[in-house]
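Visitor: Below you will find the structure I want to go over with you.
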Amino acid sequence: MSSRAAPFYCPYCGDEDLRPHETGHGAWECASCNRAFQLKFLGLLTRGLQRNDVEGDGI
313 MSSRAAPFYC PYCGDEDLRP HETGHGAWEC ASCNRAFQLK FLGLLTRGLQ
363 RNDVEGDGI
């Protein structure tokens, strides 16, 4: 697995002509709209980790 997450399209114009930006990890530039942006993973949300233990819900 790569440590760099690659976006599929620019979040501003939707174009797919993206290149890594020189500022560092997670930074990308769009050749179409001439913008630079950065991706960052913030963490997992606790609401996504709820258990579904309902009694009588077995197979």
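Basically my numbering = 1-based index in the sequence shown + 312. All C-beta atoms, glycine included, are put in the ideal place defined by N, C-alpha and C.
Using DSSP with H/G/I as helix, E/B as strand and the rest coil, what is Arg331?
Guide: Within the sequence shown, numbered from 1, the residue matching residue 331 stands at position 19. Three-state result, Arg331: strand.
Visitor: What residues in its chain sit with their C-beta under 6 angstroms from that of Met313, if we drop five residues either side in the sequence?
Guide: Position 1 of the sequence shown, counting from 1, holds the residue named residue 313. Any reading at Met313 must be qualified, since the residue scores a pLDDT of 45, below 50, and its modelled position is unreliable; no value is offered.
Visitor: In its own chain, which residues sit with a C-beta less than 7 angstroms from the C-beta of Asp329, not counting the 5 before and 5 after it?
Guide: Within the sequence shown, the letter at position 17 stands for residue 329. Cβ within range, chain order: Cys342, Ala343 and Ser344.
Visitor: Excluding sequence positions up to five away, which residues of its chain have a Cβ less than 6 angstroms from the Cβ of Lys352?
Guide: For the purposes of this step, residue 352 is taken as residue 40 along the sequence shown, with counting starting at 1. For Lys352, where only same-chain residues beyond five positions count, the Cβ hits under 6 angstroms are Gly338.
Visitor: Cys325 lies in the beta strand (DSSP E); which residues open and close that run?
Guide: For the purposes of this step, residue 325 is taken as the residue at position 13 of the sequence shown. Taken as a continuous stretch (DSSP letters only), Cys325 belongs to no beta strand (DSSP E), as it is neither H nor E.
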